[in-house]
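**Student:** If you count by the working numbering, then the sequence shown holds residues 3 to 271, one letter each, in order. Glycine included, C-beta positions come from ideal geometry on N, C-alpha and C.
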Amino acid sequence: MDHNNAAMKRDFIPVFFDLERTGHYDWDEILRIGAIHKDNIFCRYILPTTEIPPYVSELTRFTKNGEQLLHRGEVKETTTLKKALENLLEYLEQFNKPVIMIGHNCFTYDCRFILRGLRQYGLLNQFTRIVQGFTDSLPLLKKYLPGKPSYYLKLLAVDILGPNLDFMTHATDNDAIILVSIFRKEKIKRIQIFEFARSIKDALKKEDGRIIAKKNLLVRKALQPLITTGSKLTKTVEEGQNIESLKEFLEAEAPEGPSPDTVSTSPKF
3 MDHNNAAMKR
13 DFIPVFFDLE
23 RTGHYDWDEI
33 LRIGAIHKDN
43 IFCRYILPTT
53 EIPPYVSELT
63 RFTKNGEQLL
73 HRGEVKETTT
83 LKKALENLLE
93 YLEQFNKPVI
103 MIGHNCFTYD
113 CRFILRGLRQ
123 YGLLNQFTRI
133 VQGFTDSLPL
143 LKKYLPGKPS
153 YYLKLLAVDI
163 LGPNLDFMTH
173 ATDNDAIILV
183 SIFRKEKIKR
193 IQIFEFARSI
203 KDALKKEDGR
213 IIAKKNLLVR
223 KALQPLITTG
233 SKLTKTVEEG
243 QNIESLKEFL
253 EAEAPEGPSP
263 DTVSTSPKF
C-alpha cells in the first residue's frame with residue numbers, strides 16, 4: 003500500500019487519538035482532543051463558540067450551558083482550541099521520537115479537523131517536526147482482522163474485548179483506550195501500523211484537493227444558470243479555470259447576468 007510513506011522513519015512512537023466535534027462540516031468545532039501512548043493519557047476540552055446540535059448531544063452526551071461545557075451532566079474544565087493544540091504538541095514532543103498518530107476512520111474527519119486547527123493558529127510546522135504521519139485503523143483492521151460482523155468501534159470492541167466491556171464510547175480518551183486495547187489484544191505490530199501510515203504531506207495534499215474541489219463545485223452551482231452545452235463558460239469550468247477567469251468571462255459574456263461580485267467560493271451560513 004503506497005501512502006507516500008517512503009521518507010517516514012520506521013522507528014516511531016504510536017499515539018492513539020480521537021476527537022469529539024460539534025459535527026462533521028467544515029464550520030463545526032472540536033469539543034475534545036484525546037490521545038494515549040501506553041498508559042500516558044492526554045485529554046483537553048474546548049468550549050465551542052456555537053451551540054451543540056441536539057443530535058450531537060444525543061450521540062456524544064456533550065451539552066453547552068452558557069459558558070460551560072458539560073459531558074454526561076458533569077461540568078468540564080475547558081480551554082481554547084489554540085491552547086489545547088499547544089498542549090497536544092507538548093504531550094507529543096515528550097516522546098523524543100517521530101510520532102505516528104492512529105485513529106479509527108480518522109482520515110474522514112479527525113485528521114482534517116486537527117490539521118485545520120494547526121494551520122489556523124500557525125502550529126503546523128511545529129506539528130510536522132514531531133508527527134510524521136497518520137494511520138487509519140479502519141482499513142488496517144479490515145485487512146488484519148477479516149470477517150468481523152462490524153468494524154464500528156463500539157461493536158468491534160465488544161466482539162474482541164468481550165460483551166461486558168465497561169468503556170464509554172464517544173468519550174474521547176476512552177475511544178482511544180478502546181482502540182489501543184484492540185491493538186494489544188490482537189497483537190497488531192508496528193510494521194502493520196506503518197504499512198497504513200500516510201505522511202503529513204500526503205494528508206495535507208488530499209485535504210487541499212478536497213477544499214479546491216468544494217470551491218469548484220460552489221462556483222459551478224453559482225454559474226449553473228449560465229451554463230449551456232458547448233458554451234465558452236462550460237469549457238472554462240471543465241478546464242478548471244480559476245475564479246478570476248470566471249469573473250472575466252462574466253464581465254465579457256454576461257453583462258445582464260449576475261455581477262461577478264456575487265460569485266463566491268465559500269458557502270453562506
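Would you mind stating whether Val182 and Ile132 have Cβ atoms separated by less than 7 Å?
**Tutor:** In the sequence shown, residue 182 corresponds to position 180, counting from 1. In the sequence shown, residue 132 corresponds to position 130, counting from 1. For Val182 and Ile132, no; Cβs fall outside 7 Å.
**Student:** Starting from Tyr93, trace the alpha helix (DSSP H) in both directions and tell me its first and last residue.
**Tutor:** Here residue 93 corresponds to residue number 91 of the sequence shown, with the count starting at 1. 83 to 95 is the span of the alpha helix (DSSP H), which, as asked, contains Tyr93.
**Student:** Considering Asn67, what are the terminal residues of the alpha helix (DSSP H) in which it resides?
**Tutor:** On the sequence shown, position 65 is the one that residue 67 refers to. Counting along the chain, Asn67 falls outside any alpha helix (DSSP H), though it belongs to the beta strand (DSSP E) covering 64 to 67.
**Student:** I need the straight-line Cα distance from Lys223 to Ile32, nearest angstrom please.
**Tutor:** Against the sequence shown, residue 223 aligns to sequence position 221. Against the sequence shown, residue 32 aligns to sequence position 30. Spanning the two alpha carbons is a distance of roughly 29 Å.
**Student:** What residues in its chain sit with their C-beta under 6 Å from that of Tyr47, if we drop five residues either side in the sequence?
**Tutor:** Residue 47 sits at position 45 when you count from the first residue of the sequence shown. For Tyr47, where only same-chain residues beyond five positions count, the Cβ hits under 6 Å are Arg34, Leu71, Lys78, Thr80.
**Student:** Out of curiosity, what's the CA-to-CA distance linking Phe196 and Ile116?
**Tutor:** Position 194 of the sequence shown holds residue 196. Position 114 of the sequence shown holds residue 116. Going by the C-alpha atoms only, they are around 20 Å apart.
**Student:** Excluding sequence positions up to five away, which residues of its chain have a Cβ less than 7 Å from the Cβ of Pro50?
**Tutor:** By one-based count along the sequence shown, residue 50 stands at place 48. Thr24, Glu31, Leu33, Lys66.
**Student:** For my contact list, Asp138 and Phe185 are in at a C-beta cut-off of 8 Å; report their separation, rounded to the angstrom.
**Tutor:** Counting from one through the sequence shown, the residue named residue 138 turns up at place 136. Counting from one through the sequence shown, the residue named residue 185 turns up at place 183. That pair is no contact at about 13 Å.
**Student:** Rounded to whole angstroms, what's the CA-CA distance from Thr52 to Trp29? Just pull it up for me.
**Tutor:** As a working note, residue 52 is residue 50 in the sequence shown. As a working note, residue 29 is residue 27 in the sequence shown. Distance between the alpha carbons of Thr52 and Trp29: 10 Å.
**Student:** Exposed or buried, His26, counting other C-beta atoms within 10 Å across all chains shown (16 or more means buried)?
**Tutor:** Position 24 of the sequence shown, counted from the first residue, corresponds to residue 26. Label assigned to His26: exposed.
**Student:** Cβ atoms of Gly105 and Met10: under 7 Å apart, would you say?
**Tutor:** Taking the sequence shown and counting its residues from 1, one reaches residue 10 at position 8. Taking the sequence shown and counting its residues from 1, one reaches residue 105 at position 103. No. Outside cutoff.
**Student:** Got a sec: does the ligand HEM put a non-hydrogen atom nearer than 6 Å to the Cβ of Thr130?
**Tutor:** With respect to the ligand HEM, the structure offers nothing, as it holds no ligand at all.
**Student:** Quick check on Arg114: buried or exposed, where buried means 16 or more other Cβ atoms within 10 Å of its Cβ?
**Tutor:** One-based indexing of the sequence shown puts residue 114 at position 112. Arg114 should be labelled buried.
**Student:** How long is the line joining the alpha carbons of Glu127 and Lys40, rounded to whole angstroms?
**Tutor:** Within the sequence shown, residue 127 is the residue found at index 125, counting from 1. Within the sequence shown, residue 40 is the residue found at index 38, counting from 1. In the sequence under discussion, the amino acid at residue 127 is Asn, which differs from the Glu named in the question. For Asn127 and Lys40, the distance between alpha carbons rounds to 26 Å.
**Student:** Check Asn42 in the structure and name its three-state DSSP category.
**Tutor:** Numbered from its first residue, the sequence shown carries residue 42 at position 40. Reduced to three states, the DSSP call for Asn42 is strand.
**Student:** Could you name the residues that DSSP lists as bridge partners for Ile15?
**Tutor:** Residue 15 sits at position 13 when you count from the first residue of the sequence shown. In DSSP, Ile15 forms a bridge with Val101.
**Student:** If you drop the 5 nearest sequence neighbours on each side, which residues of the same chain put their C-beta closer than 7 Å to that of Gly119?
**Tutor:** Numbered from 1 along the sequence shown, position 117 holds the residue referred to as residue 119. Same-chain partners within the cutoff: Ile32, Leu83, Leu87.
**Student:** Is it right to say Asn176 is buried, meaning 16 or more other beta carbons lie within 10 angstroms of its own, or is it exposed?
**Tutor:** Locating residue 176 in the sequence shown gives position 174, counting from the first residue. Buried, because 16 or more other Cβ atoms sit within 10 Å of the Cβ of Asn176.
**Student:** Identify the residues that DSSP records as bridge partners of Gln70: which are they?
**Tutor:** Taking the sequence shown and counting its residues from 1, one reaches residue 70 at position 68. Paired residue(s): Asn67.
**Student:** Taking its Cβ as the centre, do 16 or more other Cβ atoms sit within 10 Å of Ser201, making it buried, or is it exposed?
**Tutor:** Stepping through the sequence shown from its first residue, residue 201 is reached at position 199. Buried.
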